[in-house]
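When you line the sequence shown up against full-length UniProt numbering, it's residues 1 to 213, in that order. Ideal Cβ placement from N, Cα and C applies to all residues, glycine included. Contents: one structure, followed by commentary.
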Amino acid sequence: MSDTTIPRLTTEPRESLTVFLLGARVNALLKPHSWVWVVRAFSRMAAELQSDPSRGLLHSRTLPSMFGVTVVQYWESTEALLRYAHDETHSAAWRRYYRQGGDAVGLWHETYEVGLPQSGPPDPAGAERPEEPPTQTGRGYEAIYANMPTTGLGRALGTRPIDRGTRRALDRMALRRARNRPRTEPGTDDHAHASPSPGMPPGRRSTPAPGGQ
C-alpha cells in the first residue's frame, strides 16, 4: 500500500469578497450575426479587467459550453463590481443588447457576498470609522435572467418578474441583506444609494425572460 501523501491546499484568509457568475446562452444558433458580438464583448471586458487590477477583480475563469459560456469572477467587494458596471465598455454592451432586442441570445448573472458583511465603499486613507456590529448590513445575493430558461439560483429558489423595486442590483441585494440584520431605525431607506445592475446600464429597465423570468 502506498504511503504517498495527497497534497491539500486551502485559501489565504480574507474578511470578505464577492463572487459574480455571468453567462450568455445562444438561443438561435443559426443567427450568428445576433450573438457573435456578445462573445466579443465578453472578451473585451475580460481583457480590460485583467489589464487593470485596481478595478477590484481578483480572479476570473471562463467555462465554455455547447450553447454558451459561463464566467466565474471573484471581486474585492460588491462596490468594486458595481463601479465597473458604470464603465463605458460594460454599459455600451448592454445598451446594444437592449437596443437590438430579439431572443437570439440570453444573458444572466448572479452575485453573492461572501464573508463578513459589506457595508459600503472603503473610507479614505487615514479616516477613522466608528465600529459597527457585523450584522449591521448583512450579506446578500441577487440575480437576473434575460431571455433565459430557468437556471442556476433561479431554478433553486424559483423566479419572479423584475419590477420597479427589483430593477437594480443593489435593490435586489438590499432585499436579501435585510433578512440578515435587525430592524433598522424608522426612516432608514435601503434603496437610498441604489446602483445600476451589472446586468443593465443606468436608466434601463430589464427585459423579463420567457416564462416569467
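Just curious, the beta strand (DSSP E) that residue i is in, first and last residue?
i: Phe20; result: Ser16 to Val26
With residue i as the anchor, note down where its alpha helix (DSSP H) starts and where it stops.
i: Trp94; result: Glu88 to Gln100
i: Leu58; result: Taken as a continuous stretch (DSSP letters only), Leu58 belongs to no alpha helix (DSSP H), being part of the beta strand (DSSP E) at Leu57 to Ser65.
i: Gly152; result: Gly152 to Leu157
i: Glu48; result: Val36 to Gln50
My understanding is that residue i touches residue j, with C-beta atoms under 8 Å, so please give their C-beta distance in whole angstroms.
i: Gly56; j: Ala24; result: Rounded, the Cβ-Cβ distance is 22 Å, inconsistent with contact.
i: Glu15; j: Leu116; result: 5 Å
i: Gly106; j: Ala41; result: Not a contact, Cβ separation roughly 14 Å.
i: Gly140; j: Glu113; result: 5 Å
i: Leu58; j: Glu76; result: 6 Å
i: Leu21; j: Thr70; result: 7 Å
i: Ala104; j: Ala46; result: Incorrect: roughly 22 Å between the Cβ atoms, too far for contact.
i: Val72; j: Ser54; result: The pair is not a contact, with the Cβ atoms about 21 Å apart (cut-off 8 Å).
Is it buried or exposed, residue i, if we count other Cβ atoms within 10 angstroms and call 16 or more buried?
i: Ile162; result: buried
i: Gly158; result: exposed
i: Met66; result: exposed
i: Met12; result: In the sequence as presented, Met is not what sits at residue 12; that position holds Glu. By the 10 Å Cβ count, Glu12 comes out exposed.
i: residue 214; result: The structure shown does not extend to residue 214, since the chain is modelled only from 1 through 213, so no value can be given for it.
i: Asp171; result: buried
i: Pro186; result: With a pLDDT of 47 at Pro186, under the threshold of 50, the predicted position of this residue should be treated as unreliable, though the coordinate-derived value follows. By the neighbour-count rule (16 or more Cβ atoms within 10 Å), Pro186 is not buried but exposed.
i: Thr18; result: buried
Using DSSP's beta-bridge definition, name the partner residues of residue i.
i: Glu166; result: Note on identity: in this sequence residue 166 is Thr, with Glu being the wrong assignment. DSSP, once it has assigned bridges, lists no residue as partnering Thr166.
i: His109; result: Leu22 and Ile144
i: Gln73; result: Phe20 and Ser60
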